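K.L.:
With the UniProt record's numbering, the residue at position 119 of the sequence shown is 119, and numbering never jumps. C-beta: ideal position from N, C-alpha, C; glycine also. Since we're looking at a predicted model, the values are computed, not measured.
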Amino acid sequence: VTVTTTAGPGKAGEGEKEKVLPEPEKVVTEPPAVTLLDKKEGEQAKALFEKVKKFRVHVEEGDILYTMYIRQTVLKVCKFLAILVYNLVYVGKISFLVACRVETSEVTGYASFCCNHTKAHLFSKLAFCYISFVCVYGITCLYTLYWLFHRPLKEYSFRSVREETGMGDIPDVKNDFAFMLHLIDQYDSLYSKRFAVFLSEVSESRLKQLNLNHEWTAEKLRQKLQRNARGRLELALCMLPGLPDTVFELSEVEALRLEAIGDITFPPGLSQLVHLQELSLLHSPARLPFSSQIFLRDRLKVIRIKCEELREVPLWVFGLRGLEELHLEGLFPPELARAATLESLRELKQLKVLSLRSNAGKVPASVTDVAGHLQRLSLHNDGARLLALNSLKKLAALRELELVACGLERIPHAVFSLGALQELDLRDNHLRSIEEILSFQHCRKLLTLRLWHNQIAYVPEHVRKLRGLEQLYLSHNKLETLPTQLGMCSSLRLLDVSHNGLHSLPAELGLLQNLQHLALSYNALEFLPDELFFCRKLRTLLLGYNHLSQLAPQVGALRALSRLELKGNRLEALPEELGNCGGLKKSGLLVEDTLYDGLPAEVRDRMEAE
Numbered sequence: 001v002t003v004t005t006t007a008g009p010g011k012a013g014e015g016e017k018e019k020v021l022p023e024p025e026k027v028v029t030e031p032p033a034v035t036l037l038d039k040k041e042g043e044q045a046k047a048l049f050e051k052v053k054k055f056r057v058h059v060e061e062g063d064i065l066y067t068m069y070i071r072q073t074v075l076k077v078c079k080f081l082a083i084l085v086y087n088l089v090y091v092g093k094i095s096f097l098v099a100c101r102v103e104t105s106e107v108t109g110y111a112s113f114c115c116n117h118t119k120a121h122l123f124s125k126l127a128f129c130y131i132s133f134v135c136v137y138g139i140t141c142l143y144t145l146y147w148l149f150h151r152p153l154k155e156y157s158f159r160s161v162r163e164e165t166g167m168g169d170i171p172d173v174k175n176d177f178a179f180m181l182h183l184i185d186q187y188d189s190l191y192s193k194r195f196a197v198f199l200s201e202v203s204e205s206r207l208k209q210l211n212l213n214h215e216w217t218a219e220k221l222r223q224k225l226q227r228n229a230r231g232r233l234e235l236a237l238c239m240l241p242g243l244p245d246t247v248f249e250l251s252e253v254e255a256l257r258l259e260a261i262g263d264i265t266f267p268p269g270l271s272q273l274v275h276l277q278e279l280s281l282l283h284s285p286a287r288l289p290f291s292s293q294i295f296l297r298d299r300l301k302v303i304r305i306k307c308e309e310l311r312e313v314p315l316w317v318f319g320l321r322g323l324e325e326l327h328l329e330g331l332f333p334p335e336l337a338r339a340a341t342l343e344s345l346r347e348l349k350q351l352k353v354l355s356l357r358s359n360a361g362k363v364p365a366s367v368t369d370v371a372g373h374l375q376r377l378s379l380h381n382d383g384a385r386l387l388a389l390n391s392l393k394k395l396a397a398l399r400e401l402e403l404v405a406c407g408l409e410r411i412p413h414a415v416f417s418l419g420a421l422q423e424l425d426l427r428d429n430h431l432r433s434i435e436e437i438l439s440f441q442h443c444r445k446l447l448t449l450r451l452w453h454n455q456i457a458y459v460p461e462h463v464r465k466l467r468g469l470e471q472l473y474l475s476h477n478k479l480e481t482l483p484t485q486l487g488m489c490s491s492l493r494l495l496d497v498s499h500n501g502l503h504s505l506p507a508e509l510g511l512l513q514n515l516q517h518l519a520l521s522y523n524a525l526e527f528l529p530d531e532l533f534f535c536r537k538l539r540t541l542l543l544g545y546n547h548l549s550q551l552a553p554q555v556g557a558l559r560a561l562s563r564l565e566l567k568g569n570r571l572e573a574l575p576e577e578l579g580n581c582g583g584l585k586k587s588g589l590l591v592e593d594t595l596y597d598g599l600p601a602e603v604r605d606r607m608e609a610e
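(1) Does chain B have any CB closer than 8 Å to the CB of arginine 56?
(2) Quick check: the Cα distance between serine 112 and arginine 101, rounded to an integer number of angstroms?
(3) Below 8 Å CB to CB, which residues in the same chain sit around histidine 430 once its five sequence neighbours on both sides are set aside?
(4) Enumerate, from N- to C-terminal direction, the unbroken alpha helix (DSSP H) stretches of 4 or more residues contained entirely within the segment 242 to 328.
(5) Determine the extent of the beta strand (DSSP E) in which threonine 217 is found, giving its start and end residues.
(6) Would a C-beta distance cut-off of 8 Å place serine 583 and alanine 557 closer than the cut-off?
(7) Can you tell me which residues form a DSSP beta bridge with valine 404?
(8) CA-CA distance, arginine 450 and isoleucine 411?
(9) By a C-beta neighbour count over all protein chains shown, 10 Å radius and 16 as the cutoff for buried, is alanine 33 buried or exposed?
(10) Please report how far the alpha carbon of lysine 119 lies from the alpha carbon of lysine 76, in whole angstroms.
(11) Suppose you measure from the CA of alanine 601 to the CA of glutamate 608; what does that come to, to the nearest Å?
(12) Give me, in chain order, the residues of the same chain whose beta-carbon lies closer than 7 Å to that of leucine 515; leave out the 5 immediate sequence neighbours on both sides.
(13) Quick one: grab the DSSP three-state call for histidine 117.
(14) Determine the extent of the alpha helix (DSSP H) in which arginine 162 is found, giving its start and end residues.
(15) If you drop the 5 nearest sequence neighbours on each side, which residues of the same chain put their C-beta closer than 7 Å to that of lysine 26?
(16) DSSP state of leucine 336, grouped into three classes?
(17) Give every residue of the same chain whose Cβ lies closer than 6 Å to the Cβ of alanine 519, excluding the five residues on either side of it in the sequence, and list them in chain order.
(18) Put threonine 484 into one of helix, strand or coil per three-state DSSP.
(19) Name the one or two DSSP bridge partners that lysine 224 has.
(20) For arginine 357, which residues does DSSP report across the bridge?
(21) Taking only the alpha-carbon atoms, compute the straight-line gap between aspartate 593 and phenylalanine 527 and give it to the nearest angstrom.
(22) According to DSSP, is valine 363 helix, strand or coil?
(23) Just how far apart, CA to CA, sit arginine 604 and leucine 509?
(24) Given a cut-off of 8 Å on the beta-carbon distance, is the pair leucine 469 and glycine 487 in contact?
(25) Any idea if glutamine 72 is buried or exposed, counting beta-carbon neighbours within 10 angstroms, 16 or more meaning buried?
(26) According to DSSP, is threonine 594 helix, strand or coil?
(27) Which of the three DSSP states is assigned to residue 611 in this structure?
(28) Residue range of the alpha helix (DSSP H) that arginine 71 falls in?
(29) Quick check: leucine 387 and leucine 351, are their CB atoms within less than 8 Å of each other?
(30) Look up arginine 417 in the DSSP assignment and say whether it is helix, strand or coil.
(31) When the Cα atoms are used, what is the spatial distance from leucine 235 to glutamine 226?
(32) Specify the secondary structure class of threonine 140 as computed by DSSP and reduced to three states.
(33) Which residues in the same chain have their Cβ closer than 6 Å to the Cβ of aspartate 425, if we skip the five residues on either side of it in sequence?
(34) What residue from Lys586, Lys208 and Ala457 has the CA that sits closest to glutamate 435's CA?
(35) With 16 as the cutoff for other CB atoms within 10 Å, does leucine 88 come out buried or exposed?
(36) Leucine 421 and leucine 398 look like a contact to me (Cβ under 8 Å); what is the Cβ gap, rounded to whole Å?
As structure tokens, then:
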């Protein structure tokens, strides 16, 4: 840096001096960090990607531009050759000096002259320029023709761009699209390289990811956290174009539910979800890097997969050795439905619950891989008939079994071999007869039997053998009577025979001294046996939508009753003895308002008291 100074008063004769100061050190400034696109820029870039994609699809379909360009060039070359030949033929015949004979010798003394037009010189210059321009035009046409044919212009490769940028997914293009890129290269190849970025799905996915992260901030995602049915803190995302990276900033998440989200690749940031125990992938195909598999292998406890076909289930699922619950939903292809082949479950050493909703023709053989520790098996077949169930015999530790909508017409004999079975659900099948119920005496631990939503017409007498049964569901069948032997199921706490065609009840139901819940709604009952009110432990009595014309005063003996349904009957009044049911409040009494208002005031006051 040079600073000019002026001499002081005592040094007037010295003039000006230059004082050179030392040059300061250069400060090296780092380039600013790349910032995220704002919302407007992101939308514009997204729109540009879409336009390029549509443009490519439209232009690559044909080669109209390429063909027209060739035709025009060939026509220009032909025109040039025609002009060139024409000039070669006739230029030689042009003469600027013309011999003239004039009879003026007596005057001038000359008989012959060389005549020259006054503009001949100008014409010669113009003709020279014209021929020069024609030659330049011709050379240009010939070069263009050479350029068109010396290499294929209907194909364009981005190999060099892929090597420079590392974007290996930039596709080569063809037809008019390729031809236009070749034309652009003649001007500046940099434009083609920039254009290539918009053909890369990786670039597009990166842009989408940036926009997604910008839209779904960690604070916004944290507001969506809720406790699920299992009490876990769950984040549920549905119908997003991808998975925001900000999800992995919520380390408190215990359950992650992803539904209808495009192709997902879990990043290494998954390891930040240190409390994650439950993962649901519903129509959301996902890839899991090996490092993330190691992270989830012993940590994940519950996983739910729902897809179109079961062969789409990711293989890494079957390597989660800490998994306790596996829920799969999808169809087997028609040619594989009968075999019902499922991946090996040998690695799932801790699996206790297996749920499969599909169209399997038999119980998958791989279920036996977890026979030693599987406690609950649910097979939902959506009406497809389940033919082979022999594999069930090997599930010695099984406690709960659901065979829902499996097209069963009889209770499978394989079930009777399950000595540890406590709950059996055969909902939505085609059961007509349950004579095999006698064999349930071998299942000594059986507590709950669900035979609802079938076509059962009667209950056999040997139901009395099920003395340890605590819950029996027979609703939505075709029952018209109940056997008197049902009263010998002394451990029964819940009996549901609603939605049938019962006209009467056996008096022996009064023997069920442990009965707490009795559902008789939607039948054709005209009266109730007085013995029914001997069930003093009844808490819930559902009698709605029958043909009852009166309710016996003995109902007052049910002191534990807290819920009574009477709607839809032919009752004219309610007995005032309802006031003796100490646990019955107005909210638990489902009856028409007119009948309720007919109760004595003191009874109503007691029911309405908190």
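P.N.:
To lay it out plainly:
(1) Annotation note: the requested chain B is absent from the structure, which comprises a single protein chain.
(2) What you label residue 112 is simply residue 112 of the sequence shown in a count that begins at 1. What you label residue 101 is simply residue 101 of the sequence shown in a count that begins at 1. For serine 112 and arginine 101, the distance between alpha carbons rounds to 5 Å.
(3) In the sequence shown, the residue the question calls residue 430 occupies position 430. So the qualifying residues of the chain are Gly407, Leu408, Glu409, Asn454 and Gln455.
(4) 290 to 297
(5) The residue given as residue 217 occupies position 217 in the sequence shown. Threonine 217 -> no beta strand (DSSP E), and no H or E assigned at all.
(6) Here residue 583 refers to the residue found at position 583 of the sequence shown. Here residue 557 refers to the residue found at position 557 of the sequence shown. It should be noted that the sequence gives glycine, not serine, for residue 583. With contacts defined by Cβ atoms closer than 8 Å, glycine 583 and alanine 557 do not form a contacting pair.
(7) Walking along the sequence shown from the start, residue 404 turns up at place 404. For valine 404, which the question treats as bridged, DSSP gives the partners His380.
(8) Numbered from 1 along the sequence shown, position 450 holds the residue referred to as residue 450. Numbered from 1 along the sequence shown, position 411 holds the residue referred to as residue 411. Their backbone Cα atoms lie some 12 Å apart in a straight line.
(9) The residue you call residue 33 lines up with position 33 of the sequence shown. For alanine 33, the pLDDT reaches just 39, beneath the cut-off of 50, and the residue's location in the model is therefore unreliable, leaving the point undetermined.
(10) For the purposes of this step, residue 119 is identified with residue 119 of the sequence shown, where counting begins at 1. For the purposes of this step, residue 76 is identified with residue 76 of the sequence shown, where counting begins at 1. Their Cα atoms are separated by approximately 32 Å.
(11) As a first step, residue 601 must be located in the sequence shown, where it is residue number 601. As a first step, residue 608 must be located in the sequence shown, where it is residue number 608. One C-alpha to the other measures close to 10 Å.
(12) Residue mapping note: residue 515 aligns to position 515 of the sequence shown, counting from 1. Taken in chain order, the residues that qualify are Leu492, Arg493, Leu495, Cys535, Lys537 and Leu538.
(13) The residue you call residue 117 lines up with position 117 of the sequence shown. Coil.
(14) Your numbering for residue 162 matches position 162 in the sequence shown. That run of the alpha helix (DSSP H) goes 159 to 165.
(15) Here residue 26 refers to the residue found at position 26 of the sequence shown. For lysine 26, the pLDDT reaches just 41, beneath the cut-off of 50, and the residue's location in the model is therefore unreliable, although a value from the coordinates is still provided. Hits under 7 Å: none found.
(16) Taking the first residue of the sequence shown as position 1, residue 336 is located at position 336. In this structure, leucine 336 counts as coil in the three-state DSSP scheme.
(17) By one-based count along the sequence shown, residue 519 stands at place 519. For alanine 519, where only same-chain residues beyond five positions count, the Cβ hits under 6 Å are Asp496, Ser498 and Leu542.
(18) Numbered from its first residue, the sequence shown carries residue 484 at position 484. Residue state, collapsed to three classes: helix.
(19) For the purposes of this step, residue 224 is taken as residue 224 along the sequence shown, with counting starting at 1. Beta-bridge pairing links lysine 224 to no other residue.
(20) As a working mapping, residue 357 is identified with position 357 in the sequence shown. According to DSSP, which records beta bridges pairwise, arginine 357 is partnered with Glu329 and His380.
(21) Within the sequence shown, numbered from 1, the residue matching residue 593 stands at position 593. Within the sequence shown, numbered from 1, the residue matching residue 527 stands at position 527. In this model, aspartate 593 and phenylalanine 527 are separated by some 22 Å (Cα to Cα).
(22) Translated into positions along the sequence shown, residue 363 becomes position 363. It is coil, neither helix nor strand.
(23) Along the sequence shown, one-based indexing puts residue 604 at 604. Along the sequence shown, one-based indexing puts residue 509 at 509. When rounded, the distance between both Cα atoms is 30 Å.
(24) Translated into the one-based positions of the sequence shown, residue 469 becomes position 469. Translated into the one-based positions of the sequence shown, residue 487 becomes position 487. No, these two residues do not count as a Cβ contact at 8 Å.
(25) The residue you call residue 72 lines up with position 72 of the sequence shown. By the 10 Å Cβ count, glutamine 72 comes out exposed.
(26) Within the sequence shown, residue 594 is the residue found at index 594, counting from 1. Of the three classes helix, strand and coil, the one that applies to threonine 594 here is helix, per DSSP.
(27) Look at the range of the chain in this structure, 1 to 610, and you will see that residue 611 is not part of it.
(28) Locating residue 71 in the sequence shown gives position 71, counting from the first residue. Element bounds for arginine 71: 64 to 90.
(29) Mapped onto the sequence shown, residue 387 falls at position 387. Mapped onto the sequence shown, residue 351 falls at position 351. No; because the gap between Cβ atoms is not below 8 Å, this pair is not in contact.
(30) Reading the sequence shown from its first residue, position 417 is the one you call residue 417. Strictly speaking, residue 417 in this sequence is serine, with arginine absent from that position. Serine 417 falls in the helix class under three-state DSSP.
(31) The residue you call residue 235 lines up with position 235 of the sequence shown. The residue you call residue 226 lines up with position 226 of the sequence shown. If you take the alpha carbons of leucine 235 and glutamine 226, they lie about 7 Å apart.
(32) For this step, residue 140 is matched to residue 140 along the sequence shown. The three-state reading of DSSP puts threonine 140 in helix, counting H, G and I together.
(33) Taking the sequence shown and counting its residues from 1, one reaches residue 425 at position 425. Closer than 6 Å at Cβ, skipping near neighbours: Glu402 and Arg450.
(34) Taking the sequence shown and counting its residues from 1, one reaches residue 435 at position 435. Ranking Lys586, Lys208 and Ala457 by Cα distance to glutamate 435 puts Ala457 first.
(35) Position 88 of the sequence shown, counting from 1, holds the residue named residue 88. So leucine 88 ends up on the exposed side.
(36) For the purposes of this step, residue 421 is taken as residue 421 along the sequence shown, with counting starting at 1. For the purposes of this step, residue 398 is taken as residue 398 along the sequence shown, with counting starting at 1. Correct: roughly 6 Å between the Cβ atoms.
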